[in-house]
Amino acid sequence: MHHIAKPASASTAIATLLLSFVLVGCGEEEPTRPVTWHEDVAPLVNQKCNSCHEKDGIAPFDFESYESAKKYANMMLHAVETGQMPPWLAQDTDECAPRLPWQDDLRLSEDEKQTLRDWVASGMPEGDRATAEALPSHPSVTVEDPSVSVSYTHL
């Protein structure tokens, strides 16, 4: 006696097809693209560093271009890793932990630090200039025409 296989239902066929796609893809990771200046690091630096590290800013050098940032990349990473940069005097401790995040906190998250580490470790690739984020405009700290001048003389 021969058994004739019943045709599979549409839902069984779809489930089998989906399972085969899942099994074929198991163990294969999506290829990761390298961390680059224009795609990953520049947006981070623009947000966290360039309020001081801009041309003619209060910092001794700027990070407004790939060339300038690459020149100081190892120093930048060291300063971030040691907590020297960005400067942040408030300290979260067990005795004093704020309930809410600090306003305008420029400290880098662990993921942001890892982005910087990966960029430096991979040789600081530039990436595609066409994807460069526009630099933000920061408020000017220059007083063009003061209406009051105050001087102080030590007696």
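Heads up: the sequence shown runs through residues 3 to 157, numbered per my numbering. Every residue, glycine too, gets a C-beta built ideally from N, C-alpha and C.
Please list, in chain order, all residues of the same chain as residue i whose beta carbon is under 7 Å from its beta carbon, the five residues on each side excluded.
{"i": "Lys50", "result": "Pro88, Leu108, Leu110"}
In terms of residues, what are the limits of the alpha helix (DSSP H) holding residue i?
{"i": "Leu79", "result": "75–83"}
{"i": "Arg109", "result": "Looking at the DSSP string, Arg109 is not in any alpha helix (DSSP H), and its letter there is neither H nor E."}
{"i": "Asn163", "result": "Within the shown structure, residues of the chain are numbered from 3 to 157, placing residue 163 beyond reach of any answer."}
Got a sec? Which residues, its chain only, sit under 8 Å from residue i by beta carbon, not counting five neighbours each side?
{"i": "Asp130", "result": "Thr38, His40, Glu41"}
{"i": "Leu79", "result": "Leu118, Arg119, Val122"}
{"i": "Ser151", "result": "none"}
Using 8 Å as the threshold, is the C-beta distance between residue i and residue j below it?
{"i": "Phe65", "j": "Val82", "result": "no"}
{"i": "Ala44", "j": "Glu114", "result": "no"}
{"i": "Pro100", "j": "Asp94", "result": "yes"}
{"i": "Glu128", "j": "Tyr68", "result": "yes"}
Note down, in chain order, each residue of its chain lying with its Cβ closer than 6 Å to the Cβ of residue i, except the 5 sequence neighbours on either side.
{"i": "Ala61", "result": "Cys54, His55"}
{"i": "Met126", "result": "Lys72, Ala75"}
Hey, residue i and residue j are a contact pair by Cβ (cut 8 Å); roughly how many whole angstroms apart?
{"i": "Trp104", "j": "Ala92", "result": "6 Å"}
At least three beta-carbon pairs within less than 8 Å, the stretch 39–55 to the stretch 64–76: yes
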